[in-house]
Amino acid sequence: MRIGVLELQGDFEKHHQILQTLGMDSIAVRGPSDLSELEGLVIPGGESTTISLLIDRNELREPLKAFADVHPVLGTCAGLILMARKVSDSRVNPLGILDVVVCRNAYGRQIHSTTEEVKFFEDENSFYSRATMIRAPRIESTGRNIEVLGSLNGHPVAIRENHHIGLIFHPELDGVTIFHELAFQRVKQSQHDRKSQTYVT
Ligand code: GLN
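Below, the structure is given as structure tokens:
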């Protein structure tokens, strides 16, 4: 399974490590041609204003939207900001992959960054995980099809819409693999199904 990591600016190295831990091939994405033959994409944390500029400079805006129409995308922190429908800062031109409105740096400056233990899911699959937030965005409103996977103080910290996941925190900094698994497991499953079909025929 080949998963890309958007390498325009920010914190991409640790995402490669997580993907490799999960047995996936992780590929650097810097331009449109890098998206071919990928089955999923991580948009990492960093500086969303800069990443937004670089997306246009590298002519990635339309290719990224088209990619997201058919493949899962996992966005962490600035990555989530870029996936939003609307952002409270005109310097960010988001991709509109997730039907959410987000406010940048809503939890204060760097010094206010924090790690919390958060509960995810409310069913028999629920689990606790560390969530490290660094100048995290706040999800101000969510569209009808948004599923909230976990919240802190009444605000969602992890959301899912169709095959996409957005996180306000950085799982890669705590070596947490579950969100990458959740985002890309369907790819794995459909590959598995394809394989079993191949064996059956
Ligand atoms: N505050 C940053 C931004 O708005 C995001 C921080 C992060 O990705 N850790 O771009």
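All letters in the sequence shown, in the order written, are residues 3 to 203 by our numbering. Built from N, CA and C at the ideal position, the CB exists for glycine as well.
Can you tell me whether DSSP reads residue 183 as helix, strand or coil? Taking the first residue of the sequence shown as position 1, residue 183 is located at position 181. Residue state, collapsed to three classes: helix.
Hey, is residue 79 close to the ligand GLN, as in C-beta under 7 Å from one of its heavy atoms? Translated into the one-based positions of the sequence shown, residue 79 becomes position 77. True, at least one ligand heavy atom lies under 7 Å from that Cβ.
Does DSSP put residue 50 in a helix, in a strand, or in coil? Along the sequence shown, read from residue 1 onward, the residue named residue 50 stands at position 48. It is helical.
Measure how close the beta-carbons of residue 53 and residue 11 come, nearest whole angstrom, since I'm counting them as under 8 Å. Position 51 of the sequence shown, counting from 1, holds the residue named residue 53. Position 9 of the sequence shown, counting from 1, holds the residue named residue 11. The beta carbons of residue 53 and residue 11 sit about 5 Å from each other, so the pair counts as a contact at 8 Å.
beta-carbon residue 92 near the ligand GLN non-hydrogen atom, thresh 7 Å: In the sequence shown, residue 92 corresponds to position 90, counting from 1. No, the Cβ of residue 92 stays beyond 7 Å of every heavy atom of the ligand GLN.
With H, G and I counted as helix, E and B as strand and the rest as coil, what does DSSP make of residue 35? As a working note, residue 35 is residue 33 in the sequence shown. Helix, per DSSP.
Limits of the alpha helix (DSSP H) - the one that residue 65 falls within: In the sequence shown, the residue the question calls residue 65 occupies position 63. Counting along the chain, the alpha helix (DSSP H) containing residue 65 begins and ends at 63-72.
Can you determine whether any heavy atom of the ligand GLN sits closer than 7 Å to the C-beta of residue 137, and answer yes or no? On the sequence shown, residue 137 is found 135 positions in, with the first residue counted as 1. At least one heavy atom of the ligand GLN is found less than 7 Å from the C-beta of residue 137.
In terms of residue numbering, what span does the beta strand (DSSP E) encompassing residue 157 cover? Start at 1 with the first residue of the sequence shown, and residue 157 comes out as number 155. Residue 157 -> beta strand (DSSP E) spans 157-163.
Taking buried to mean at least 16 other C-beta atoms within 10 Å of its own C-beta, is residue 162 buried or exposed? For the purposes of this step, residue 162 is taken as residue 160 along the sequence shown, with counting starting at 1. Buried, since its Cβ has 16 or more Cβ neighbours within 10 Å.
Hey, quick one: how far does the beta strand (DSSP E) through residue 119 stretch, first residue to last? Counted from its first residue, the sequence shown places residue 119 at position 117. Segment 116-122, the beta strand (DSSP E) holding residue 119.
Proximity test, residue 117 beta-carbon vs the ligand GLN heavy atom, cut-off 7 Å: Position 115 of the sequence shown, counted from the first residue, corresponds to residue 117. Relative to the ligand GLN, the beta carbon of residue 117 is positioned no closer than 7 Å to any heavy atom.
What do you reckon, is the C-beta of residue 95 under 7 Å from a heavy atom of the ligand GLN? Translated into positions along the sequence shown, residue 95 becomes position 93. No - the ligand GLN has no heavy atom lying nearer than 7 Å to the Cβ of residue 95.
Near residue 2, which residues of its chain fall below 7 Å by C-beta distance, leaving aside the five closest residues on each side in sequence? With the chain covering only 3 through 203, there is no way to say anything about residue 2.
Rounded separation between residue 47 and residue 14 - CA only: Residue 47 sits at position 45 when you count from the first residue of the sequence shown. Residue 14 sits at position 12 when you count from the first residue of the sequence shown. Distance between the alpha carbons of residue 47 and residue 14 is about 8 Å.
The ligand GLN heavy atoms versus the CB of residue 229: any closer than 7 Å? As shown, the chain starts at 3 and ends at 203. That puts residue 229 outside it, with no answer to give.
In chain order, what residues of the same chain have a beta carbon less than 7 Å from the beta carbon of residue 56, not counting five sequence neighbours either side? If you number the sequence shown from 1, residue 56 lands on position 54. Correct list, in chain order: 10, 11.
Whole angstroms are fine: how far does the CA of residue 59 sit from the CA of residue 49? As a working note, residue 49 is residue 47 in the sequence shown. As a working note, residue 59 is residue 57 in the sequence shown. Distance between the alpha carbons of residue 49 and residue 59: 15 Å.
Run the proximity test for residue 106: is its beta-carbon closer than 7 Å to any non-hydrogen atom belonging to the ligand GLN? Residue 106 sits at position 104 when you count from the first residue of the sequence shown. Yes, the Cβ of residue 106 comes within 7 Å of a heavy atom of the ligand GLN.
Indicate, with yes or no, if the ligand GLN has a heavy atom lying under 7 Å from the CB of residue 152. Along the sequence shown, read from residue 1 onward, the residue named residue 152 stands at position 150. No, Cβ of residue 152 sits at least 7 Å from all heavy atoms of the ligand GLN.
What do you reckon, is the C-beta of residue 174 under 7 Å from a heavy atom of the ligand GLN? Within the sequence shown, residue 174 is the residue found at index 172, counting from 1. Answer for residue 174: no, Cβ out of range of the ligand GLN.
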